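To start, the structure under review is shown below, and the notes come after it.
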Amino acid sequence: MTAPRSTGGNPTRTFARPGRTGGSPLQLSSFVGREREIGEVEHLLEQTRLLTLTGSGGAGKTRLALAAVDRVAYRFADGVAWVWLSGISEGDLVPGAVASAVGAREAPGLSPVESAVECLEDGEFLLVLDNCEHLVEECAALADLLLRSCPGLKLLTTSRELLNVAGEVAWRVPSLSLPDPKSAQDPADLLRFGAVRLFVERAAAAAPGFALDKDNAAAVVDVCERLDGIPLAIELAAARVKVLSVEQVDRRLDDALGLLTEGRRSAVPRHRTLRGALDWSHELLPEQERVLFRRLAVFVDGFGIGMAEKVCAGDGLEEDAVLLLLSRLVDKSLVYVVDRDGEARYRLLAMVRQYAQEKLGYSSEGPGIRRRHAASFVEFAERAEPELLGAGQEAWLDRLESDLGNLRAAMGWALGPAGRDAETGLRLAGALWRFCYLRGHYGQGRGWLEGALALEGPAPAAARAKALTGAGVLALLRCDYERAEERLGEGLTLHRELGDRPGEASALQMLGSVARERGRYARAEAYHEESLALWRGLGDGYEAARSLNYLGFVAWLQEKYARTVELCESSLETFRDLGDAEGVTWALINLGSAALYGGEPDRARTLLEEALSAARRVGYREGVAWSLNQLGAAAHRSGDGPGAGKMLRESLKVHRELGDRWRIASVIEGLATAARVLPERSARLFGAAEALRESLSAPIPPVERADRDDGLAAARAALGEERFEKALAAGRAVGLEEATALAMQEAPAPRSAAPMPHGLSAREVEVLGLVAEGLTNAEVAEKLFLSPRTVGHHLRTIYRKLGVPSRAAAAKAALERGLI
79 MTAPRSTGGN PTRTFARPGR TGGSPLQLSS FVGREREIGE VEHLLEQTRL
129 LTLTGSGGAG KTRLALAAVD RVAYRFADGV AWVWLSGISE GDLVPGAVAS
179 AVGAREAPGL SPVESAVECL EDGEFLLVLD NCEHLVEECA ALADLLLRSC
229 PGLKLLTTSR ELLNVAGEVA WRVPSLSLPD PKSAQDPADL LRFGAVRLFV
279 ERAAAAAPGF ALDKDNAAAV VDVCERLDGI PLAIELAAAR VKVLSVEQVD
329 RRLDDALGLL TEGRRSAVPR HRTLRGALDW SHELLPEQER VLFRRLAVFV
379 DGFGIGMAEK VCAGDGLEED AVLLLLSRLV DKSLVYVVDR DGEARYRLLA
429 MVRQYAQEKL GYSSEGPGIR RRHAASFVEF AERAEPELLG AGQEAWLDRL
479 ESDLGNLRAA MGWALGPAGR DAETGLRLAG ALWRFCYLRG HYGQGRGWLE
529 GALALEGPAP AAARAKALTG AGVLALLRCD YERAEERLGE GLTLHRELGD
579 RPGEASALQM LGSVARERGR YARAEAYHEE SLALWRGLGD GYEAARSLNY
629 LGFVAWLQEK YARTVELCES SLETFRDLGD AEGVTWALIN LGSAALYGGE
679 PDRARTLLEE ALSAARRVGY REGVAWSLNQ LGAAAHRSGD GPGAGKMLRE
729 SLKVHRELGD RWRIASVIEG LATAARVLPE RSARLFGAAE ALRESLSAPI
779 PPVERADRDD GLAAARAALG EERFEKALAA GRAVGLEEAT ALAMQEAPAP
829 RSAAPMPHGL SAREVEVLGL VAEGLTNAEV AEKLFLSPRT VGHHLRTIYR
879 KLGVPSRAAA AKAALERGLI
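Sequential numbering from 79 applies to the sequence shown in my numbering.
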């Protein structure tokens, strides 16, 4: 027979034969943010005969198919037909709808399928079956028959569920592109992202005059991110801008199912509300799939198959059935596979999860599922805890981080009115405190521990002792020294009562750290020595190395550099052997700091850069901040003011996020010293740091006093006594936020100086010249507004760089080499 031919015009809207009744619909609103996706679909249609666009309800499958068909229709000599299946409820009506859409003649004795085959078998045709999910069996059978019978036919289908036909290529329609919500961006830049552009266009249509600006940009980004970039949800949210501000829309998204209603009347009923779209998918599920779907709502930010089996099985759902049921939910676009790196992880989109939570709440299963979820994550955290020491540290930190949402949910249940479970809370919080320390979740971890300790009810004493120690550590890290000593003291007592020697040694270690930060160095050394003896008695080489590191740290703070090197070289070897990145980081920081202040800047930089790399590799934020702090100090001492400022500001940012006020004070002092070209600002920063130290009852460590004193002297000399004291007082009066903001401002770079010979800094040449004139250290210090200790430091560095042993030899070398 003669193949159907296009009658001309746009082939997505014309028909191969007169009288055809189907075709792609005209769209009355703009299509936003899908240029790359259109190109991918276009390419896939060249490569395959059956392409299925999958995705959740409202993902934009139909609109993307329309745009792609418009792009490729010219390639099909005999036309394109569009079959809109959403209005068909009976499977036996599908063949007739297809036959009608392609313009097949009705003939006596021929079924609709046979008529369609007769019409299509010799032509080049694109057939689009839109919204197949409720008729998937019938669509699959028809697609298979047509493709086998009609070699020039290509099929494009949209469905929340795959057809599972031989030769089918599935392509999941992605969410619209989203900006990073943590990155501040210009409104004009944000419009490059499809989700933002769609929201803005639809909001402007609902509320003429609406525009993206710096005041509403953050809320718009948050709305789009919380809605997972799903076009239907974004359009419904944007429509609310007619009566609510964007900020109000954002706040009300906790009840998105109630908020995102009243879509366009022209839309199919299931696309007029978010709930309607989800109801459509849910009603298509068999009962066992519905059970698993609602139980999966207990997971936050993803889960693995093992956890799904552990938590969701039971009460009528067999464990060995979970994988199959989960696979079906993935096929139906209700669950997404989000990570295949080693182990697949699964996730419900935020609005889908909210819907599933409703369903779980309506059932009687909720309390039991949430209890199983909490118990499963207690087991997971306790399995992870010992792995955070040693070579498995990085992998296990990442695993815990990926399940942080679930750990929060488990803790929320244990501490909240639904649980009030002291044992679960203490065990979980106690197992997680080291993770919270390493990844910088100080405030959250401390809140969990204190909340668990406040719960009444039976709980193992060992779990309480561990939680007390953890609470003390995290209080120390937030510089709450009184509370830290109290909690660590309670933990120490309980560990001793239980005969728990490792717990006792851990509490002593951390009591030493509290004493160290408060400037009580003899007491700190005593605690660390006692802890070291216990660890050695227990044969625990790892923890003994940690105690050596702590002792080396105390030695560095007291300017005992040789002692630091002796202790930390030994611990570094142990940590390298064990593959423990945290221990390696701290040993390198201590050794690098000793080298820096001991007059070996090149060695210091090498050690500190390695420390920074090790800390970044495992996401150890305190180690990153400390390494940057000391690298900034090294840059300042070498005369690299801009480099010093950059690294110190990076360090300050991390310390501020961690809430470590002890180090914030030190970094602010470093920035004040580096800001000598702005003496008034420098004095204000010194005043702010001084006030912060006084509020903590934590004096400046001896090792940092010389640089601080030099900076103060330089500011005083530049300003004069009256202006200096006024600026210092102004700095003392500001709060932490204002002080941090001032310190984060970039100082202007000083005028560049000619490079100095033999690697000497400009300051070292100044010192060398005065020494050659015969001045003593005290006289040089007075002349340059330095401390005698700093002059001595400069001289040691000069001797090393020039390869000389004494003042006289340095002066002679300076004259012979033309340095002065």
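Every residue, glycine too, gets a C-beta built ideally from N, C-alpha and C. Model, not experiment: these values are computed from the prediction.
- Under a 10 Å Cβ-count criterion, Thr-652 is classified as buried, with 16 or more other Cβ atoms of the shown protein chains found around its own Cβ.
- Counting every other CB atom within 10 Å of its CB across the protein chains shown gives Pro-883 a total below 16, marking it as exposed.
- The beta carbon of Leu-467 sits closer than 7 Å to the beta carbons of Tyr-620 and Asp-658 from its chain, once the five residues preceding and following it are set aside; these are given in chain order.
- Looking from the CA of Leu-128, the closest CA among Ser-164, Ser-167, Ala-537 and Thr-235 belongs to Thr-235.
- When DSSP states are grouped into helix, strand and coil, Thr-130 belongs to the strand group.
- Phe-109 has no beta-bridge partner at all, per DSSP.
- Under DSSP, Ala-182 forms no beta bridge with any residue.
- A Cβ-Cβ distance of about 18 Å is found for the pair Arg-406 and Val-416, leaving them out of contact under the 8 Å criterion.
- Per DSSP, Arg-330 lies in no alpha helix (DSSP H) segment and is marked neither H nor E.
- With a minimum length of 4 residues, the unbroken runs of alpha helix (DSSP H) contained wholly in the stretch 381 to 422 fall at 383 to 390 and 400 to 409.
- Between the stretch 576 to 590 and the stretch 607 to 615, the count of Cβ pairs shorter than 8 Å is three or higher; the stretches touch.
- For Pro-186, the number of other beta carbons within 10 angstroms of its own is below 16, and it is reported as exposed.
- Going by C-alpha positions, Ile-383 is about 10 Å away from Val-389.
- Taking C-beta atoms under 8 Å as the contact rule, Trp-249 and Leu-412 fail to qualify, at a distance of about 18 Å.
- Within the stretch 511 to 577, the complete alpha helix (DSSP H) runs of at least 4 residues fall at 520 to 532, 539 to 555 and 559 to 576.
- Going by beta carbons, Ser-454 and Met-385 fall inside the 9 Å limit.
- Asp-258 is bridged by DSSP to nothing; it lacks a bridge partner.
- The closest CA to that of Leu-485, considering only Glu-472, Ala-462 and Ala-469, is found on Ala-462.
- For Val-376, there is no enclosing beta strand (DSSP E), as DSSP marks it with neither H nor E.
- Asp-208 has Trp-162 and Thr-236 as its beta-bridge partners, per DSSP.
- In this structure Leu-240 touches Asp-409 by the C-beta definition: roughly 5 Å separates them, less than 8 Å.
- Separation of the CB atoms of Glu-120 and Ala-146 is rounded to 6 Å, and the pair is thereby assigned contact status at 8 Å.
- In this structure Glu-894 is exposed. Its beta-carbon is surrounded by fewer than 16 other beta-carbon atoms within 10 angstroms.
- Two segments are said to touch when three or more pairs of C-beta atoms, one from each, lie closer than 8 Å; by this definition the stretch 751 to 758 touches the stretch 794 to 802.
- The three-state reading of DSSP puts Arg-425 in strand, counting E and B together.
- 9 Å or more divides the Cβ of Lys-861 from the Cβ of Leu-873.
- Around the Cβ of Ser-649, a 10 Å sphere holds 16 or more other Cβ atoms; the residue is buried.
- Residue burial annotation: Glu-443 is buried, with at least 16 other C-beta atoms found within 10 angstroms of its C-beta.
- Arg-739 places its beta carbon 9 Å or farther from that of Cys-514.
- According to the DSSP secondary-structure assignment, Leu-362 is paired through a beta bridge with no residue.
- By the Cβ rule, the stretch 253 to 271 does not count as touching the stretch 165 to 173, because fewer than three pairs are nearer than 8 Å.
- In the structure shown, Leu-726 falls within a helical segment according to DSSP collapsed to helix, strand and coil.
- Per DSSP, reduced to three states, the secondary structure at Leu-123 is helical.
- With respect to Leu-475, Gly-697 sits close: the two C-beta atoms are nearer than 9 Å.
- According to the DSSP assignment, Arg-699 belongs to the alpha helix (DSSP H) that extends over 699 to 715.
- The C-beta distance from Leu-685 to Ala-693 rounds to 13 Å, too long to fall under 8 Å, and the pair is not in contact.
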